[in-house]
Amino acid sequence: MVSYKELGLVNTREMFAKAINGGYAIPAFNFNNLEQLQAIIKAAAETKSPVILQVSKGARNYANATLLRYMAQGAVEYAKELGWENPQIVLHLDHGDSFELCKSCIDMGFSSVMIDGSALPYEENIALSKRVVEYAHQFDVTVEAELGVLAGVEDEVQAEASHYTRPEEVIDFSSRTGCDSLAISIGTSHGAYKFTPEQCTRDPKTGRLVPPPLAFDILDEIMKKLPGFPIVLHGSSSVPQEYVDMINKYGGKLPDAVGIPEEQLRKAAKSAVCKINIDSDSRLAFTAAVRKVFAEKPGEFDPRKYCGPARDLMEQLYKHKIIEVLGSDGKAL
Ligand code: G3H
Ligand code: 13P
Ligand code: ZN
1 MVSYKELGLV NTREMFAKAI NGGYAIPAFN FNNLEQLQAI IKAAAETKSP VILQVSKGAR
61 NYANATLLRY MAQGAVEYAK ELGWENPQIV LHLDHGDSFE LCKSCIDMGF SSVMIDGSAL
121 PYEENIALSK RVVEYAHQFD VTVEAELGVL AGVEDEVQAE ASHYTRPEEV IDFSSRTGCD
181 SLAISIGTSH GAYKFTPEQC TRDPKTGRLV PPPLAFDILD EIMKKLPGFP IVLHGSSSVP
241 QEYVDMINKY GGKLPDAVGI PEEQLRKAAK SAVCKINIDS DSRLAFTAAV RKVFAEKPGE
301 FDPRKYCGPA RDLMEQLYKH KIIEVLGSDG KAL
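Residues 1 to 333, numbered by this note's numbering, are exactly what the sequence shown covers, in order.
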């Protein structure tokens, strides 16, 4: 058993309280590899932004659980080396789908876990989330639970269609589970295809798809029921058109990819939404940069020569999110 406190990590409790009061949100960036982690830490250290490093079950299987735990420990030291005296870094399990997985992460130094019982019947979601909370809280690890279903794929949890969070359930759910934060469904979804062209309108000037707005009325109702309670938004990539264009220009094929417009995320960040999850945008930046090098320098075979530019582009992306969208810069001095 290793405590996250020994690794220099923090849980989300204080971070979320400050974010809600300050009208900004904490970035939760997924990572699977060294380059993503380097870019996240560099962006957070240079902007002095609190940050959540998110690891999915798939990422843990891909990178190896032991290696990941040491990478997170190394990330804290790297942040200090970059001149960030008091790094505020959370290591969080994204979309945990069982008590055993959550326990394994807590026992290996995670400071926060998500138990995603959103696809289960209501009472089963409560029972599972409560069990994780009871274990996690013994070690001062914070727990995110989810109510309502996002469209698309949630790690290995497949949802055919979304159903929005029901505001009438949130008080009962949060009080009976004891969760520290609540992931809700108000129209976001995972991946680079968040809306079908039929759900969007087209901008007559650019021909680009314009997605429908998020259900801010539902968010408002949830905030009225749970004043000051930390709310989490999954599926919050914006799918920047410049990366999609770059990918398509250099041999990729991502027609009509569409994400959540940044103005909507800015608005959410000012509310009780205090954690915003971003994974797909980083994947797009990585792929765009690698494709460009491959197309322009077909003789290149040193991975540093294409993973390096990918890392730089992701760092730019993370800084943009922190400063221009979430407003978390300078909040972890
Ligand atoms: O919500 C899902 C995250 O983007 C993680 O995706 O399960 O492919 O690692 P993954
Ligand atoms: P995106 O696919 O929109 O980046 O969402 C990521 C996410 O919610 C991770 O849990
Ligand atoms: Zn998610």
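For every residue, glycine included, the Cβ atom is placed at its ideal position computed from N, Cα and C. Keep in mind that this is a model prediction, so the values were computed, not measured.
- Taking every protein chain shown into account, the CB of glutamate 146 has 16 or more other CB atoms within 10 angstroms, so this residue is buried.
- Excluding sequence positions up to five before and after lysine 331, its CB lies within less than 8 Å of the CB of Lys18, Ala19, Gly22, Tyr24, Lys48, Ser49 and Pro50, all in the same chain and listed in chain order.
- Within the same chain, Val76 come within 6 Å of glycine 8 by CB-CB distance, once the 5 residues on both sides are set aside.
- Serine 189 is not a Cβ neighbour of leucine 214, given a cutoff of 8 Å.
- Contact check for serine 280 and alanine 183: beta-carbon distance about 16 Å, past the 8 Å limit, so the pair fails to qualify.
- The C-beta separation of valine 90 from serine 118 comes to about 21 Å, leaving the pair out of contact by the 8 Å criterion.
- Assignment of beta-bridge partners to glycine 96 by DSSP yields Ile115.
- Taking 8 Å as the cut-off, the Cβ atoms of glycine 83 and alanine 45 count as close.
- Remark: fewer than three beta-carbon pairs, one from each stretch, lie closer than 8 Å, so the stretch 303–312 and the stretch 56–68 are not flagged as touching.
- DSSP assignment within the stretch 128–186 yields the following whole beta strand (DSSP E) runs of 3 residues or more, N-terminal first: 142–147, 152–154, 157–159 and 181–184.
- Residue pairing by DSSP places lysine 275 opposite Ile26 and Val232 in a beta bridge.
- With contacts defined as CB atoms closer than 8 Å, methionine 246 and glutamine 36 fail to qualify as a contacting pair.
- Put simply, the backbone Cα of isoleucine 126 is about 12 Å away from that of isoleucine 171.
- In the three-state scheme derived from DSSP, where H, G and I count as helix and E and B as strand, isoleucine 126 is classed as helix.
- Restricting attention to Lys321, Lys205, Ser174 and Glu296, the CA atom closest to the CA of serine 237 is found in Lys321.
- Counting along the chain, no alpha helix (DSSP H) covers glutamine 54; the unbroken beta strand (DSSP E) around it starts and ends at 51–56.
- With contacts defined as CB atoms closer than 8 Å, valine 113 and histidine 137 fail to qualify as a contacting pair.
- At least 8 Å separates the beta-carbon of isoleucine 41 from that of lysine 275.
- Per DSSP, reduced to three states, the secondary structure at leucine 91 is strand.
- Contact between the stretch 258–266 and the stretch 222–230 is absent: fewer than three C-beta pairs spanning the two stretches fall below 8 Å.
- In the structure shown, arginine 202 adopts extended strand secondary structure according to DSSP, grouped into three states.
- In this structure, the CA atom of phenylalanine 286 is about 7 Å from the CA atom of arginine 311.
- In this structure, DSSP gives leucine 82 a state outside helix and strand, which the three-state scheme calls coil.
- When the beta-carbon positions are compared, threonine 201 and threonine 12 stay at least 8 Å from each other.
- When distances are taken from the beta-carbon of aspartate 94 to the heavy atoms of ligand 3, the shortest one is below 7 Å.
- The continuous stretches of alpha helix (DSSP H) do not include phenylalanine 301, and DSSP gives it neither H nor E.
- Separation of the CB atoms of valine 2 and glycine 109 is rounded to 5 Å, and the pair is thereby assigned contact status at 8 Å.
- Straight through space, the alpha carbons of lysine 292 and isoleucine 186 are spaced by roughly 35 Å.
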